[in-house]
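Reviewing the structure listed below.
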Amino acid sequence: MKPNPPRIKPTKTSPHTNSTTAAPGFLPSILDKIPLPRWAIYTIIAAIILLVLICVVCCCVKCCCKKKKKRKKVEHKISMKGMSGTTTTALVQPGAEDVEGGSANQPRGKLQYSLEFNASRSELLVGIKEAASLKAMDSGGSSDPYVKVYILPSKTKTCETKVFRKTLNPAFNEQFKYQIPQKELVESTLVMQVYDFNRFSKHDIIGEIRMNLSTVDWNHVIEEWSDLSEASKNEQEHLGDICFSLRYVPTSSKLTVIILEAKNLKKMDHDGFSDPYVKVQLILDKKKWKKKKTSVKKQTLNPYFNESITFEVSFEQIQKVQLVISVWDHDKMTKNDAIGKIYLGCDATGNQLRHWADMLSNPRKPVAQWHTLLSAEQVDTTLALKHTIKIPFINKAF
Ligand SMILES: [Ca+2]
Ligand SMILES: [Ca+2]
Numbered sequence: 001m002k003p004n005p006p007r008i009k010p011t012k013t014s015p016h017t018n019s020t021t022a023a024p025g026f027l028p029s030i031l032d033k034i035p036l037p038r039w040a041i042y043t044i045i046a047a048i049i050l051l052v053l054i055c056v057v058c059c060c061v062k063c064c065c066k067k068k069k070k071r072k073k074v075e076h077k078i079s080m081k082g083m084s085g086t087t088t089t090a091l092v093q094p095g096a097e098d099v100e101g102g103s104a105n106q107p108r109g110k111l112q113y114s115l116e117f118n119a120s121r122s123e124l125l126v127g128i129k130e131a132a133s134l135k136a137m138d139s140g141g142s143s144d145p146y147v148k149v150y151i152l153p154s155k156t157k158t159c160e161t162k163v164f165r166k167t168l169n170p171a172f173n174e175q176f177k178y179q180i181p182q183k184e185l186v187e188s189t190l191v192m193q194v195y196d197f198n199r200f201s202k203h204d205i206i207g208e209i210r211m212n213l214s215t216v217d218w219n220h221v222i223e224e225w226s227d228l229s230e231a232s233k234n235e236q237e238h239l240g241d242i243c244f245s246l247r248y249v250p251t252s253s254k255l256t257v258i259i260l261e262a263k264n265l266k267k268m269d270h271d272g273f274s275d276p277y278v279k280v281q282l283i284l285d286k287k288k289w290k291k292k293k294t295s296v297k298k299q300t301l302n303p304y305f306n307e308s309i310t311f312e313v314s315f316e317q318i319q320k321v322q323l324v325i326s327v328w329d330h331d332k333m334t335k336n337d338a339i340g341k342i343y344l345g346c347d348a349t350g351n352q353l354r355h356w357a358d359m360l361s362n363p364r365k366p367v368a369q370w371h372t373l374l375s376a377e378q379v380d381t382t383l384a385l386k387h388t389i390k391i392p393f394i395n396k397a398f
């Protein structure tokens, strides 16, 4: 009969021992009022806490799942955008069109130009004033802009402004004259293209303006700003690029041209290749003066020549001479085809004039540069040479 009193005693003393963790006096007094043993109360409290915890965890898991699903949906939308421009995605995802339009119409900057037509003299004056907020094309966050101007469909004369180094807001202030009858003018399109110059790689087009000249009111001089748009890709046929170095030694009257290499040449043969060689020609007083050729490289569109050609040209002649560099496709059975051409000299323009001027200002030093080939017809028209009669041959590329 002794065990009873010790059992009651701990229940009385326990509130005091437990009170160290709970609020002193207040909580134990409430617990004392509940007609349940302490262990039962604690178990119930623990069960409630556990239940609440389970609920919280469940809610969290549900929320996370929803977010993941949403993210997956977004990713799916993006991947559909990546499929670029199909009409179905544009219809299904109205948001996709906006983003895509935004990247295509990325601001390229704007150009200020002037137009003036003198009907009595059949003369069109195109003024390239300035550009602003041009798109940066170089890694340093800048561009080296210049403007190319020509008229379609004839494209007989392409003019270029000077290059402005490391600026996105160049002031060109140059004017170009085109001889064109009014009847032809209203059927023509004026193209003004802004390029980024690069000394050792192909020049990038920043943007262009195409203007239908039939819509212009020629009673006034036009001067306006226009936004540059993305260059149209289908018009210009790529003929290839050529790299060569020029060296002039005035004391020995030696002009040395080293034909280094060409790349991305146009395919001229059935096998999808060409057999390129380079013709280097000097023109003096509108007459063919001297001519030399490189060897033929068989079946390649990226030939490596590294061949040196030297001409004797006096200091007086070097200021009047035109250096014509043309790339040809050799054919065993038929006439060789011209792939592309360029000419350099004091009356050349743009990139070609720059290379020639660099050579003259650095005597005895070879100066190498890449050039984009132009069509032989275009260069010949500019040079206005007297031609021998051409015998028509069927183009073997077809
Ligand atoms: Ca550049
Ligand atoms: Ca061939």
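Under UniProt numbering, the residue at position 282 of the sequence shown is numbered 282, and the numbers go up by one with no gaps. Think of the CB as a built atom: it goes at the ideal place given N, C-alpha and C, for glycine as much as any other residue.
DSSP places LYS33 in the helix class (H, G or I) of the three-state scheme. ALA132 has its alpha-carbon roughly 9 Å from the corresponding atom of THR167. Nearest C-alpha to LEU152 among LEU213, ASN219, LEU111: LEU213. Residue environment: LEU265 is assigned as buried (16 or more neighbouring CB atoms within 10 Å of its CB, all protein chains considered). ARG210 sits in a strand when the DSSP states are folded into three classes. Taking 7 Å as the cut-off, the C-beta of PHE200 does not count as close to any heavy atom of ligand 1.
Contiguous alpha helix (DSSP H) elements confined to the segment 299-362 occur at 315-318, 350-361, taking only those with 4 or more residues. Burial check for LEU50: the Cβ neighbour count within 10 Å stays below 16, so the residue is exposed. If you draw a straight line from the Cα of LYS202 to the Cα of GLN352, it is about 13 Å long. It is roughly 14 Å from the alpha-carbon of ARG121 to the alpha-carbon of GLU184.
Between ligand 1 and the CB of ASP241, the shortest heavy atom gap is not smaller than 7 Å. By the CB criterion at 8 Å, THR310 and THR381 fall outside the cutoff. In the same chain as VAL249, and ignoring 5 residues on each side of it, the C-beta atoms closer than 7 Å to its own belong to PRO363, ARG364, in chain order. Residue VAL194 holds the alpha-carbon nearest to the alpha-carbon of GLU130 among SER188, THR156, VAL194. Between ILE206 and ARG354, the gap from beta carbon to beta carbon reaches 8 Å or more.
Relative to ligand 2, the beta carbon of SER274 is positioned inside 7 Å of a heavy atom.
Out of GLU377, THR300, PHE315, the CA that lies nearest to the CA of SER326 is found in GLU377. Between ILE259 and PHE305, the CB-CB gap stays under 8 Å. With a cut-off of 7 Å, the C-beta of SER139 is classified as distant from ligand 1, since no heavy atom of the ligand falls inside that distance.
If you check the C-beta of PHE164 against ligand 1, you find no heavy atom less than 7 Å away.
The C-alpha of ASN118 is placed about 47 Å away from the C-alpha of PHE273.
Taking the Cα of LEU228 as reference, the smallest distance to any Cα among ARG247, LEU111, GLY240 is reached at LEU111. With a threshold of 7 Å, the Cβ atom of ASP380 does not count as near ligand 2, since no heavy atom of the ligand is closer than that. The beta carbon of PHE311 sits no closer than 7 Å to any heavy atom of ligand 1. If you draw a straight line from the Cα of LEU125 to the Cα of VAL147, it is about 15 Å long. Ranked by Cα distance from ILE242, the options TYR277, GLN317, ALA384, SER143 are led by TYR277.
DSSP places TRP39 within a helical segment (H, G or I) once states are collapsed to three. The nearest non-hydrogen atom of ligand 2 is less than 7 Å from the C-beta of MET268.
Between PRO37 and VAL57, the alpha-carbon positions lie close to 31 Å from each other. If you check the C-beta of HIS220 against ligand 2, you find no heavy atom less than 7 Å away. Distance from the C-beta of HIS330 to the nearest heavy atom of ligand 2 is below 7 Å. Nearest to ASN219 by alpha-carbon distance, out of VAL379, LEU115, LYS341, TYR343, is LEU115. Taking the Cα of PRO303 as reference, the smallest distance to any Cα among TRP328, SER314, GLN317, ILE283 is reached at TRP328. Of the residues assessed, PHE200 falls on the exposed side of the cut-off, its CB having fewer than 16 other CB atoms within 10 angstroms. For LEU185, the enclosing alpha helix (DSSP H) begins and ends at 182-185.
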